[in-house]
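Going letter by letter, the sequence shown gives residues 1 to 132 in my numbering. Notes for the one structure printed next.
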Amino acid sequence: MTVVDTSARGSCLCGAVRFTIEGPLTPPEACHCRQCRKQSGHYWAASDVARDAVTIEGDDKLRWYRSSEKVRRGFCSICGSFLFWEALDSGRLDVAMGAIDTPSATALEEHIFVADKGDYYAIADGLPQRDQ
């Protein structure tokens, strides 16, 4: 895995929740699991970063949905944009690539949970694919 030093900014669709990432931005993974597909409407691509590298503005509009005992998903309470995925107590935060406003200087690295992918699309980009 290649890590790129960068600074990125992003926001939800309506701009009520904004974030800045300082420091390493890992190449994103595309997750095809049922939960990510249900919440995002398709598969979801995210970069895993250190939680303390992310500054969130408008966090009073940020809501968290506890999707399991170990995971929560952050979204804007105004427009519904799915912004974050967090394994609790990990110190890491997955940030939605689609919410990043600035060039990310990275590229998709792999596909995960492809055993759960939707039947309406093919993964044909040649990147590694993991069943789980």
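Heads up, the beta-carbon is just placed ideally off N, CA and C, and yes, glycines get one too.
(1) How would you write the range of the beta strand (DSSP E) that residue 31 sits in, first residue to last?
(2) Hey, could you find the ends of the alpha helix (DSSP H) residue 47 is sitting in?
(3) What first and last residue would you give for the alpha helix (DSSP H) that runs through residue 36?
(4) When the distance is taken between beta carbons, is residue 85 closer than 9 Å to residue 66?
(5) Determine the DSSP secondary structure at residue 53, reduced to helix, strand or coil.
(6) Among 97, 81, 35 and 93, whose alpha-carbon lies nearest the alpha-carbon of residue 68?
(7) To the nearest angstrom, how far is it from the Cα of residue 110 to the Cα of residue 132?
In brief:
(1) For this step, residue 31 is matched to residue 31 along the sequence shown. DSSP places residue 31 in the uninterrupted beta strand (DSSP E) bounded by 29–31.
(2) In the sequence shown, counting from the first residue as 1, residue 47 sits at position 47. No alpha helix (DSSP H) holds residue 47; the beta strand (DSSP E) holding it covers 44–50.
(3) To locate residue 36, count along the sequence shown from 1; it is residue 36. Unbroken alpha helix (DSSP H) run through residue 36: 34–40.
(4) Locating residue 66 in the sequence shown gives position 66, where the first residue counts as 1. Locating residue 85 in the sequence shown gives position 85, where the first residue counts as 1. Not a contact, by the Cβ cut-off of 9 Å.
(5) One-based indexing of the sequence shown puts residue 53 at position 53. Looking at residue 53 - three-state DSSP - the assignment turns out to be helix.
(6) For the purposes of this step, residue 68 is taken as the residue at position 68 of the sequence shown. Of the residues 97, 81, 35 and 93, the one whose Cα lies closest to the Cα of residue 68 is 35.
(7) As a first step, residue 110 is located in the sequence shown; it is residue number 110 there, counting from the start. As a first step, residue 132 is located in the sequence shown; it is residue number 132 there, counting from the start. The alpha-carbon atoms of residue 110 and residue 132 are separated by roughly 12 Å.
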